[in-house]
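In numbering that gives the first Met the number 0, the protein residues as written are 0 to 427.
Working notes for the structure below.
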Amino acid sequence: MNDSATHPEVTAIFEREWTRLVAVLVRDLRDLGAAEDAAQEAFIEASRRWPTDGVPDRPAAWLLTTARRRAIDGIRRTKRLDELLPLVGRPDATDGSTGELDAALDDQLALLVGCCHPALAHEAQIALTLRIVAGLSTAQIANAFLTSEATMTRRITRAKDKVRLAGIPFEPPTLDTLAQRLPAVCAVIHSIFTEGHTSATSAELVRGDLCDEAIWLGELLHRLVPSDPEVDGLLSLMLLIDARREARVDADGRPVLLRDQDRARWDRNRIDRGLAALARAHAAQRGGPFQFHAAIAGHHATAPTFDDTDWRGIVRLYDVLMRRQPTALLALNRSIAVAEADGPDVGLFALDAILLADDLDGDLSDYHYFHAARGELLTRLGRDDEAVEAIERAIACCDNDAQRLDLERRRRRLAHPDRPRHPVSDTR
Numbered sequence: 000m001n002d003s004a005t006h007p008e009v010t011a012i013f014e015r016e017w018t019r020l021v022a023v024l025v026r027d028l029r030d031l032g033a034a035e036d037a038a039q040e041a042f043i044e045a046s047r048r049w050p051t052d053g054v055p056d057r058p059a060a061w062l063l064t065t066a067r068r069r070a071i072d073g074i075r076r077t078k079r080l081d082e083l084l085p086l087v088g089r090p091d092a093t094d095g096s097t098g099e100l101d102a103a104l105d106d107q108l109a110l111l112v113g114c115c116h117p118a119l120a121h122e123a124q125i126a127l128t129l130r131i132v133a134g135l136s137t138a139q140i141a142n143a144f145l146t147s148e149a150t151m152t153r154r155i156t157r158a159k160d161k162v163r164l165a166g167i168p169f170e171p172p173t174l175d176t177l178a179q180r181l182p183a184v185c186a187v188i189h190s191i192f193t194e195g196h197t198s199a200t201s202a203e204l205v206r207g208d209l210c211d212e213a214i215w216l217g218e219l220l221h222r223l224v225p226s227d228p229e230v231d232g233l234l235s236l237m238l239l240i241d242a243r244r245e246a247r248v249d250a251d252g253r254p255v256l257l258r259d260q261d262r263a264r265w266d267r268n269r270i271d272r273g274l275a276a277l278a279r280a281h282a283a284q285r286g287g288p289f290q291f292h293a294a295i296a297g298h299h300a301t302a303p304t305f306d307d308t309d310w311r312g313i314v315r316l317y318d319v320l321m322r323r324q325p326t327a328l329l330a331l332n333r334s335i336a337v338a339e340a341d342g343p344d345v346g347l348f349a350l351d352a353i354l355l356a357d358d359l360d361g362d363l364s365d366y367h368y369f370h371a372a373r374g375e376l377l378t379r380l381g382r383d384d385e386a387v388e389a390i391e392r393a394i395a396c397c398d399n400d401a402q403r404l405d406l407e408r409r410r411r412r413l414a415h416p417d418r419p420r421h422p423v424s425d426t427r
């Protein structure tokens, strides 16, 4: 037994052990709700006892033993002892061996894949992943998506009910099942990151807590599936983009365009880790969307200055992505790169062609980034009246307070005769 624990120590152990503990309990109990409850009770007991008694020599084993005992108590209360006691009452059920937790990678993969089961709606997959896998409280998840705790509680409860009623298994997936489900798991993690990187539900531009959770989930997925290049691509993309976090807003919380960011403030550690993940992905020689997006982020991360960016290389990467999945959003990002590579007139032509195209998925007519990009390019071309109209349309479509205020400042600058003329650059 170590000296008495502080609350930060208990929190650190929670962050390290929660997923492994729940994964093993789900395997034992075959009941997601019961596993979560048992894990919670074990950590509550730890938070009560460890600050005075000290941290056990094997805290993970202590937690597993305590959780299993709480689970058995719950089974007794619900009179399901005969059904489930063989699972948690076997000879090794309460010894809480560290080795068992260390060998729980398959169980953690089963947990993550199960939370992203296709029978669940995408919003439910996100909520369940954050609650069960990442261990966020319902209040934290509700706060992240600006909804009430009661609403989020209902969403998570419905998801758990769906898991139970549909008999969704939490078993280590076969290779075929993993191949089918991995894109959905990556999509859930990417959705969490996207909301953190450019929040659609918060007054702030960046929600660092969600970015951190998404990267943590990406690193967990990489440990569970170390040989999949798209998993590496996703992790690389998040790390390389998030490396710019501190430079993306000024001291007043206002967005800072990529061109104007202080690159000395970029997180070199995250860039190095992101480039390493990208190199692993490329070594597999099986290209995928996340890898190509990560390669684009890599061009930005390695350019000494904005003007030194390999914009033609970025356009080529968008061309590859467009051949695979022609979407209006990809076409927008490609147009921004074209404007930097070939000039604002060529970029504007490509941008305006998007709304006329009938072979692209998605509608950008109410997307504020589209109109903001048009406004910037029109400004560079000296077409000020049209630029004002475009920026006003962007303001009307924008849901984020920080971005809306920035757009309003840009509109006011257009009326000033000495305004600076900055090339458009994607802040995302």
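Even glycine gets a Cβ: it sits at the ideal position worked out from N, Cα and C.
Contact belief for residue i with residue j at Cβ below 8 Å, rounded distance in angstroms
| i | j | result |
| --- | --- | --- |
| ALA213 | MET237 | 6 Å |
| GLU407 | ILE394 | 6 Å |
| CYS115 | ARG180 | 6 Å |
| ALA280 | ALA296 | That belief does not hold up - the Cβ atoms of ALA280 and ALA296 are roughly 12 Å apart, past 8 Å. |
| ALA33 | LEU62 | With a Cβ gap of about 16 Å, ALA33 and LEU62 do not count as contacting. |
| LEU204 | THR197 | 6 Å |
| ALA66 | LEU24 | 6 Å |
| LEU480 | LEU220 | Coverage of the chain is limited to positions 0 through 427, which leaves residue 480 absent and any answer about it impossible. |
| LEU216 | ILE240 | Not confirmed; about 15 Å, so no contact. |
| ALA141 | THR150 | 7 Å |
| PHE305 | ARG373 | Actually they do not touch by this definition, with Cβ atoms about 20 Å apart. |
| ASP261 | ALA242 | Wrong, their Cβ atoms sit about 13 Å apart, outside the cutoff. |
| ALA109 | ALA22 | 7 Å |
Exposed unless 16 or more other CB atoms sit within 10 angstroms - verdict on residue i
| i | result |
| --- | --- |
| VAL132 | buried |
| THR156 | exposed |
| THR137 | buried |
| GLY232 | buried |
| ALA386 | buried |
| ARG15 | exposed |
| THR128 | buried |
| PRO7 | exposed |
| GLU229 | buried |
| GLU339 | buried |
| ALA352 | exposed |
| GLU122 | exposed |
| ASP442 | No answer is possible for residue 442: it lies beyond the span of the chain, which begins at 0 and ends at 427. |
| ASP27 | buried |
| GLY381 | exposed |
| GLY166 | exposed |
| ALA178 | exposed |
| ASN268 | exposed |
| ARG379 | buried |
| LEU164 | exposed |
| GLN107 | buried |
| LEU359 | buried |
| GLY361 | exposed |
| THR308 | buried |
| PRO90 | Because the pLDDT at PRO90 is just 42, under 50, the model does not fix this residue reliably, and the value given afterwards should be weighed accordingly. Result: exposed. |
| GLN324 | exposed |
| ILE125 | buried |
| THR18 | buried |
| SER147 | exposed |
| ASP249 | exposed |
| ILE43 | exposed |
| GLN290 | buried |
| ARG427 | At ARG427 the pLDDT is 47, less than 50, meaning the model places this residue with poor confidence; the figure from the coordinates comes in the next sentence. When all chains shown are included, ARG427 counts as exposed. |
Segment limits, alpha helix (DSSP H) that includes residue i
| i | result |
| --- | --- |
| VAL205 | It is not in any alpha helix (DSSP H) - VAL205 carries neither H nor E in the DSSP assignment. |
| GLY232 | 228 to 241 |
| PHE291 | 288 to 301 |
| LEU376 | 367 to 379 |
| ALA282 | 267 to 282 |
| THR51 | 31 to 52 |
| GLN260 | GLN260 -> no alpha helix (DSSP H), and no H or E assigned at all. |
| PRO343 | 343 to 355 |
| ASP383 | 383 to 396 |
| ARG403 | 400 to 413 |
Identity of the residues DSSP links to residue i by a beta bridge
| i | result |
| --- | --- |
| PRO254 | VAL248 |
| ASP360 | THR326 |
In chain order, each alpha helix (DSSP H) run of at least 4 residues that lies wholly inside the stretch 114 to 196 | Fully enclosed alpha helix (DSSP H) runs of 4 or longer: 121 to 127, 137 to 143, 148 to 164, 174 to 196.
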